[in-house]
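Participant: Numbering (our numbering), first residue to last: 439 to 519. Glycine included, each C-beta is placed from N, C-alpha and C at the ideal position. So that we are looking at the same thing, I have put the structure below in structure tokens.
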């Protein structure tokens with residue numbers, strides 16, 4: 439699951455994981471870990487992309503592979519020689 443964290447200074451972080459430590463918020467982002475004071479945070483919004491991608495991607499991949507196979511079979515059958 440992804441998170442969007444906004445601070446009082448106007449900075450926005452996009453974290454893949456958030457840990458609440460006493461007095462601090464530790465965020466795991468693509469460019470490393472960031473640790474900011476808890477009083478600096480204005481809001482934390484859950485994006486929910488991480489879990490949905492894990493459940494949707496295998497179905498999409500299977501559909502895409504079947505579509506490609508179906509397309510190749512149709513082209514092979516109806517293609518002029």
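Taking DSSP as the reference, what is the three-state secondary structure of residue 517?
Facilitator: Note: residue 517 maps to coil in three-state DSSP.
Participant: Give me the Cα-Cα distance between residue 484 and residue 442, rounded to the nearest whole angstrom.
Facilitator: Near 6 Å, if we compare the C-alpha coordinates of residue 442 and residue 484.
Participant: Just confirm the distance between the C-beta atoms of residue 471 and residue 445, as a whole number of angstroms; I'd bet it's less than 8 Å.
Facilitator: Not really, about 16 Å apart at Cβ, beyond 8 Å.
Participant: Between residue 473 and residue 439, what straight-line distance do the alpha-carbon atoms span, to the nearest angstrom?
Facilitator: If I take the Cα positions, the gap works out to 19 Å.
Participant: What number of angstroms, rounded off, separates the C-alpha of residue 504 from the C-alpha of residue 517?
Facilitator: Residue 504 and residue 517: Cα-Cα distance of roughly 19 Å.
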